[in-house]
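Listed in order, the protein sequences are those of chains A and B. At position 415 of the first sequence the residue is numbered 415 (the working numbering), and the sequence of numbers has no breaks. At position 200 of the second sequence the residue is numbered 1200 (the working numbering), and the sequence of numbers has no breaks. Using N, Cα and C, we set each Cβ at its ideal position, and we do this for glycine too. Have a look at the structure below, then the notes.
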Amino acid sequence: MRSRCGGRGRRDRKTTEVNSDKTGRTQKLKRQPNQDQQETPDKEQNPNNTNIHDTVCNLYDVPLNGPALSVLSVDSFIHQSMGIILEDAVKKATDVREKVCEWRSPEELKELLDLELRDQGESESKILKRCRDAIRYSVKTTHPRFFNQLFAGMEPYSLVASFITETLKTSLYTYEMAPVFTLIEDAVLRKMMEMIGWEEGGDGIFNAGGSMSNMYAMNLARYRYYPDIKELGLSAAPQLAVFTSQESHYSISKAAALMGIGTKNVHMVPTDKRGKMIPSALEEQIESAKRKVRTVPFLVNATAGTTVFGAFDPIDKIGEICEKHNLWLHVDACWGGGALMSKKHKYLLKGIEKANSVAWNPHKMLMTCLQCSAFLIRDKTHLLQHCHSARASYLFQQDKFYDVSYDIGDKSIQCSRKPDAFKFWLTWKALGTKELGQRVDRAFEMSRYLAEEIKKREGFRLLMEPEYANVCFWYIPPSLRNLPDGPEFCQKLHNVAPVIKERMMKMGSMMVGYQPHGGNANFFRMVVISPQVSRQDLDFVLDEIHNLGKDL
Amino acid sequence: MEPALCDLKDPLINHAEGQLFLNEAFKIIVEEVLCKGTDVQQKVCEWREPDELARLLDLELRDAGEQQDRLLQRVRDVAKYSVKTSHPRFFNQQFAGVDYHSLAGRFLTEALNTNLFTYEVAPVFVLMETEVLRSLRQLVGWTEGDGIFCPGGSTSTVYAMNLARYRLFPEVKSQGLWALPRLAIFTSPESHYSVRKGAAFLGFGTDNVILVKVDERGHMIPEDLDEKIELSKSQGAVPFLVSCTAGTTVQGAFDPLDGIADVCDKHKLWLHVDAAWGGSVLFSKQHRHLMKGVDRANSVAWNLHKMLAAGLQCSALLLKDTTDLLKRCHSSNASYLFQQDKFYDVNLDIGDKSVQCGRKVDCLKLWLMWKAVGSSGLEQRVDKAFLLVRYLVDQMKKRDGFHLLSEPEFVNVCFWFIPPSLRGKEGNADYQNKLAKVAPTIKERMMKRGTLMVGYQPLGDKVNFFRVTVFSHLVSHKDMDFFLDEIERLGSDL
């Protein structure tokens, strides 16, 4: 369906580019030891350690026949692998003429990948081939026709930042270990708080995903009301009740289960037909929970941008209810937080400044590489530190020579933690608030365009007008178009999306998710994020769905 | 309307420009981090006070974007002022060194930017993670079982606690802890702090983490464990989990797993082995005896990013369970992600085993490295680390002023440096006070010089001492000599 030859031609050019750099570097590295030995005799007599082969052989009279990495092969390996990555995983993966995925059944793919790990190592050329295979059979989530999840597109600045963090390989526990990233995390968090509208500032941390942020909110909220929980456990508290909408993310229930609160103590508040929490229903549920013996409401989770519909709960009104009942308001803005960057659309999160905590994943709408999940808390009393700290003396020594308040690691329940904020920082520096905002505006425009096209086309039916970048719709194949709405129609319609999904994946032409929802038969959910996506791509999606499903 | 918005016809961003930036930035990464960052002639760190560094970095995020050359300078700055954790003189943490195959795997993972929730979005990595976990379980001695990669060893510990509690009281998932008796966890005072953090987070409370006595080398004493369990039962608590450690953080001690497993069998408790640090000895025929009895555990946490340098993070949680406990305990069956009417075997949609939603691909870097050097190559790295430690200890004994806390069992060497002015003054009343100040001062000096990084800490009644961990395959005995020389240089006047 497409020319692989074209791709090869392009790779050759790129490889040359990379190789020419490699040659220069290799010469330099080979020269270096002699030069340095002469130039810095006073420093130490140690030969340049980048010459791994030599040091390995000299070691304490031990023959070390492990991977004899000479600097030459290391240098060339990392350059060659990067050449492959840039060509196959960056350039080709984002090329609209290439496939989004190269579907193989699990059995077949296992054979192709030869996954087994053996006693003996393999040659470099074999390893490079393995890199190519991993790319080939992986889904190209950066492809302009990938609409399957709440992340998409490729942001080169973020990718560079990822490469840097992977190479520097550090962990955010102390200033001593991660001076740069400690300061950068702080700067990014402060700026995000500014976007939220917390004029007094607050505190925060980057987490391993939005689910983790929602858990943090739950843990902090219960700790604020019942600080003895940390030492005594939940027996020090009455039965705690959480409130969230039925459209909210499943991580709220997962968090309640993990943290010993129990899923039955998560009260699901009904939503209106657009998927927004109904404030009066919330208040009723809070009051009814309060009437129960030993049950104490403590946390309301409002969602800004629900997973399926992209609905924004009315945060302002929910905030008032929380104030009235003295409850912790957490806003799960993992998906919808991006709208805060847009002057035009930030009204959707009106009232978010009332929240006690916010979860916001820049790796979604703002296209930072996975993972980049901020947890922000409007607190100036070091609640995060008090709630999570364990004061390990091997890591958080108090007699250090610098201000140990920069050792932020004990705020986390993780020990090692990746410097995820840097990816967002570099992207933000590169684009500025303004262009980030324009991208968000564009995503809104795109989803409006798609919704209008859907309305124009026969056989497509919107579930509802999009509020955000989620567009939910059914495709009704010709054979069903004359059926009356009813159980038979629903049943048949329910089977359509899975078949079209199977076909699109086997073709590799695009990826769009589907799901049932409430009483609704399976429907598609398109999510438009990437500025690499154009109107043509959206037209293509509709054409392709029709082509794949018209015989059903 | 903004110019960028008026036309939806074309892509907004120009990828050629982005790719050029990637090419240029990669050159800087190679030069500044990979070449200079592993070169002993270069500094390990370029110390700056927080205020000064904040100014140098120009952290503020503004309305307008910046030019590419400016951004490339930022890349250089970040590299310059960051600690070079791959440097042969970096001994500060339980990770160090660099493996180029795993690094390529990490680059690739970042570029492919996917999530491990379903086979549909991560076909290669779902299969790869399964295979890697199987191979790791094999080293533990299990032919069957389950597992998952977690964002760090602390999360693995949290998982073990949650699984153990769920196995005993499945109703906890829906009812919460109020429906349960008071539960007790047992671990040693030398265990990692994540046990306490986990207990607080999961609602047990840190008071219900009962500390079992250790011997002078830091090993949990099984007899005391047995007694503490009996005592706890008599006080009305329900013991359910023993978390023992294979390779403690400070001393590198291995708890006697066989003896502890006997106690767990007797009381029917879940045995979790925190082998985040020590697990890699399982690759070595010569040293795996340190973990004898590990196959009797219910769960094992093993961080491949530590000794084996797979790159942060690479934390495997391995389970003996074959009853799908992980999924039953954590699943919430989200219909938007885990549709049951898919066209392939939905058992491959492993995402619901996790308490995360998005989960990074951490298996590729390990898999690629393992493929490249083989189990035998990894074994040699482990064996080499033990030999280097042996060398370091021998050299310390030959020199004045180096005083070991104990003979190392693993690759942690804990020692005091006694400056000339304190030698022979052990009997003085202020000796301990003075000794306690030595390590922090030397640490400050080494960081300001940028020659070396090694950690120090107090432990129990022992005043500040250095803990050096040696395992990077880039380190040679010359680096060991340098290490000792440099500590002497930095501390001789104290």
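Check the Cβ-Cβ distances between residue i and every residue of chain C, and say whether any is below 8 Å.
i	result
A/S342	Note that chain C does not occur in the displayed structure, where the protein chains are A and B.
Sorted by chain position, which residues of the same chain lie with C-beta nearer than 6 Å to residue i's C-beta, five sequence neighbours on each side aside?
i	result
A/C415	none
B/V1263	P1222, L1225 and D1226
A/E98	K92
A/L234	G260
A/W425	I184 and V188
Taking all protein chains shown into account, do 16 or more other C-beta atoms lie within 10 angstroms of the C-beta of residue i, making it buried, or fewer, making it exposed?
i	result
B/Y1100	buried
A/S158	buried
A/E609	Past the edges of chain A, shown from 1 to 552, lies residue 609 of chain A, and the structure says nothing about it.
A/L538	buried
B/H1219	buried
B/T1323	exposed
A/E87	buried
A/D410	buried
B/L1020	exposed
B/D1493	exposed
B/N1551	A question about residue 1551 of chain B goes unanswered here, because the residues of chain B that appear run from 1001 up to 1494.
B/L1116	buried
B/S1284	buried
B/H1305	buried
A/E458	exposed
A/T16	Residue placement at A/T16 is poorly supported in this model, since its pLDDT is 32, which falls under 50; the coordinates are not used for a value here.
A/H79	buried
A/L370	buried
A/H267	buried
B/N1333	exposed
B/C1006	Unreliable placement is indicated for B/C1006, whose pLDDT of 48 sits below 50; the coordinate value is still reported in the next sentence. Its Cβ having fewer than 16 others within 10 Å, B/C1006 is exposed.
Could you list which residues in chain B have their beta carbon closer than 7 Å to that of residue i, in chain order?
i	result
A/T307	Y1336
For residue i, which residues in the same chain have their Cβ closer than 8 Å to its Cβ, ignoring the five residues on either side in sequence?
i	result
A/V308	E247, G275, N470, C472, Q515, H517 and R525
A/I84	L128, C131, R132 and I135
A/Q398	V404
B/V1294	V1140, G1141, A1246, L1257, V1273, A1275, L1282 and V1300
B/Q1339	V1346
B/C1244	T1187, S1188, S1191, M1220, D1255, L1257, I1260, L1271, H1272, V1273 and D1274
Residues of chain B with a CB under 8 Å from the CB of residue i: which are they?
i	result
A/H517	S1335 and Y1336
A/P498	Q1339, D1341, K1342 and F1343
For residue i, return the contacting residues in chain A, with the cut-off set at a CB-CB distance below 9 Å.
i	result
B/T1206	K230, E231, L232, G233 and A390
Kindly list, in the order they appear in chain B, the residues whose Cβ is closer than 9 Å to that of residue i.
i	result
A/Y347	What A/Y347 touches in chain B: nothing, since even the nearest Cβ is about 18 Å away.
A/W428	L1061, R1062 and G1065
A/M446	L1008
A/P106	Y1119, P1123, V1126, L1127, Y1344, D1345 and L1348
Between residue i and the ligand MN, is there a pair consisting of the residue's CB and a ligand heavy atom that are separated by less than 7 Å?
i	result
A/L542	For the ligand MN, the structure offers nothing, since it holds no ligand at all.
To which residues of the same chain is residue i closer than 7 Å at the C-beta, ignoring the five residues directly before and after it?
i	result
B/N1162	L1202 and C1329
A/T263	S253, A256 and A257
A/R25	Confidence in A/R25 is poor, its pLDDT being 33 and thus under 50, which makes the residue's placement unreliable; the coordinate value appears in the next sentence. Closer than 7 Å at the Cβ level, and outside the excluded window around A/R25, lie D75.
B/Y1344	Y1119
A/K344	D441
Which chain A residues are close to residue i, counting only those with a beta carbon under 7 Å from its beta carbon?
i	result
B/P1151	A208 and Q414
B/C1314	Here the premise fails: no neighbours, minimum Cβ distance about 10 Å.
B/H1330	K254
Per DSSP, residue i forms a beta bridge with which residues?
i	result
A/M504	A/M504 is not bridged to any residue.
A/S158	For A/S158, which the question treats as bridged, DSSP gives no partner whatsoever.
A/F206	A/A374
B/Y1456	B/F1466
B/I1185	B/V1209 and B/L1241
Quiz item: Does the pairing of the segment 1148-1160 of chain B with the segment 1192-1200 of chain B give three or more beta-carbon distances under 8 Å?
Solution: As far as the Cβ criterion goes, the segment 1148-1160 of chain B touches the segment 1192-1200 of chain B, which means the pair count is three or higher.
Quiz item: So, do the segment 287-298 of chain A and the segment 330-350 of chain A have three or more beta carbon pairs nearer to each other than 8 Å?
Solution: no
Exercise. Would you check if the segment 146-154 of chain A and the segment 527-541 of chain A touch, i.e. whether three or more CB-CB distances between them fall below 8 Å?
Key: yes
Quiz item: Using 8 Å as the threshold, is the segment 1363-1373 of chain B in touch with the segment 1171-1187 of chain B, meaning 3 or more CB pairs across them?
Solution: no
Exercise. Assess, as a yes-or-no matter, whether the segment 321-333 of chain A is touched by the segment 341-357 of chain A under the definition of 3 or more beta carbon pairs within less than 8 Å.
Key: yes
Quiz item: Are at least three pairs of beta-carbons, each pair with one atom in the segment 1044-1056 of chain B and one in the segment 1444-1451 of chain B, less than 8 Å apart?
Solution: yes
Practice problem: Would you check if the segment 1103-1110 of chain B and the segment 197-211 of chain A touch, i.e. whether three or more CB-CB distances between them fall below 8 Å? | Solution: Contact between the segment 197-211 of chain A and the segment 1103-1110 of chain B is absent: fewer than three C-beta pairs spanning the two stretches fall below 8 Å.
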